[in-house]
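Asks: Could you have a look at this structure, given as structure tokens, before my questions?
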Amino acid sequence: MAFSNPDRVYDELLVTLVRGGDERAAERLAARWQPRLMRAARRMLGDGEEAREAVQEAWGGICRGWLRLSDPAMFPAWAYGILSRKCADRIRRAGSDRRRFVAADSAPEPAGADRAPLRHALLEALGKLSAEHRIAAILYFSEGLTLAETAVATGVPVGTAKSRIFHARQHLKDRLEGDLT
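In the numbering used here, the protein residues as written are 229 to 409.
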């Protein structure tokens, strides 16, 4: 889901207002971003309860860090970066980089029950990726971050983010090739 320019501008405005102490702007920003962060966390972790806890922890970091965010335009990469670290910590604590996804993305599809098998195969293929590759792929392909924003969110150089996305794409393509035909 790529962000449109009006959405980005509105988020920047909300962040600017929040940094100035506007509590209503903080509520609006949270209402806009809670579903996005939940969707990404479910995809990263493959578990709804773990995702809820990771998002709650991420919001704590986001709220504590408003004033340290130097550029409101970087809010998406910054917020997803906090969430990514919380999810990566949970994956490490679970003792495995390669968790099995079981209905990780429970958000309903607008149309197309016929896509359910492909969706399941995609989630399973994502679950086979390392945490680093999975998180980069989700941020780039699902959440619509640019390559540079994905690099910022994952805390790696652009070249590393590009490599992770490339390898994730190849892995997903290889795993799903039979399911797409």
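We put the beta carbon where it would ideally sit given N, CA and C, even for glycine.
Just to confirm the assignment, what range does the alpha helix (DSSP H) spanning L346 have?
Replies: For the purposes of this step, residue 346 is identified with residue 118 of the sequence shown, where counting begins at 1. It spans 344–356 - the alpha helix (DSSP H) in which L346 sits, taken as one unbroken run.
Asks: Would you check if the distance between the CB atom of H395 and the CB atom of H348 is smaller than 9 Å?
Replies: Numbered from its first residue, the sequence shown carries residue 395 at position 167. Numbered from its first residue, the sequence shown carries residue 348 at position 120. No, the pair does not count as a contact, with Cβ atoms beyond the cut-off.
Asks: Tell me the rounded alpha-carbon separation between L273 and R252.
Replies: On the sequence shown, position 45 is the one that residue 273 refers to. On the sequence shown, position 24 is the one that residue 252 refers to. Approximately 31 Å, taken between the alpha carbons.
Asks: Using a 10 Å radius around the Cβ and a threshold of 16 neighbouring Cβ atoms, would you call K401 buried or exposed?
Replies: Position 173 of the sequence shown, counted from the start, is the residue given in the question as residue 401. With fewer than 16 Cβ atoms within 10 Å of its Cβ, K401 is classed as exposed.
Asks: Is the beta carbon of A381 less than 9 Å from the beta carbon of W287?
Replies: Looking up residue 381 in the sequence shown gives position 153. Looking up residue 287 in the sequence shown gives position 59. No, the Cβ-Cβ distance between A381 and W287 is not below 9 Å.
Asks: Counting only C-beta atoms, is L297 closer than 9 Å to chain C at any point?
Replies: The question asks about chain C, but that chain is absent: this structure has only one protein chain.
Asks: What's the gap between the Cα of T378 and the Cα of A364?
Replies: Within the sequence shown, the letter at position 150 stands for residue 378. Within the sequence shown, the letter at position 136 stands for residue 364. For T378 and A364, the distance between alpha carbons rounds to 6 Å.
Asks: Taking the C-alpha atoms as reference points, what is the distance between Q398 and G249?
Replies: Taking the first residue of the sequence shown as 1, we reach residue 398 at position 170. Taking the first residue of the sequence shown as 1, we reach residue 249 at position 21. Distance between the alpha carbons of Q398 and G249 is about 45 Å.
Asks: Check G276 in the structure and name its three-state DSSP category.
Replies: What you label residue 276 is simply residue 48 of the sequence shown in a count that begins at 1. Three-state result, G276: helix.
Asks: Using the beta-carbon count (16 or more within 10 Å), is S312 buried or exposed?
Replies: Translated into the one-based positions of the sequence shown, residue 312 becomes position 84. Using a 10 angstroms sphere on the CB of S312, the tally of other CB atoms reaches 16 or more, which defines it as buried.
Asks: Just the Cα atoms here: how many angstroms apart are A344 and T374?
Replies: Locating residue 344 in the sequence shown gives position 116, where the first residue counts as 1. Locating residue 374 in the sequence shown gives position 146, where the first residue counts as 1. Looking at the backbone, the Cα of A344 and that of T374 are separated by about 27 Å.
Asks: Taking C-beta to C-beta, are E352 and R403 nearer than 9 Å?
Replies: Within the sequence shown, residue 352 is the residue found at index 124, counting from 1. Within the sequence shown, residue 403 is the residue found at index 175, counting from 1. At a Cβ-Cβ threshold of 9 Å, E352 and R403 count as neighbours.
Asks: Is the CB-CB distance between L265 and Y308 below 9 Å?
Replies: What you label residue 265 is simply residue 37 of the sequence shown in a count that begins at 1. What you label residue 308 is simply residue 80 of the sequence shown in a count that begins at 1. For the pair L265 and Y308, the CB atoms are nearer than the 9 Å cut-off.
Asks: By how many angstroms is the C-alpha of E405 removed from the C-alpha of W294?
Replies: As a first step, residue 294 must be located in the sequence shown, where it is residue number 66. As a first step, residue 405 must be located in the sequence shown, where it is residue number 177. Looking at the two C-alpha atoms, the distance is approximately 43 Å.
Asks: Measure from the alpha carbon of R236 to the alpha carbon of each residue in G372, A279, G289, then state which is nearest.
Replies: Here residue 236 refers to the residue found at position 8 when the sequence shown is read from its first residue. If we check each option's Cα against that of R236, G372 comes out closest.
Asks: Cβ atoms of R318 and A282: under 9 Å apart, would you say?
Replies: By 1-based counting over the sequence shown, the position of residue 282 is 54. By 1-based counting over the sequence shown, the position of residue 318 is 90. The answer is yes: Cβ separation under 9 Å.
Asks: In chain order, what residues of the same chain lie with their CB nearer than 7 Å to the CB of G383, ignoring the 5 residues before and after it?
Replies: As a first step, residue 383 must be located in the sequence shown, where it is residue number 155. Here the set comprises G309.
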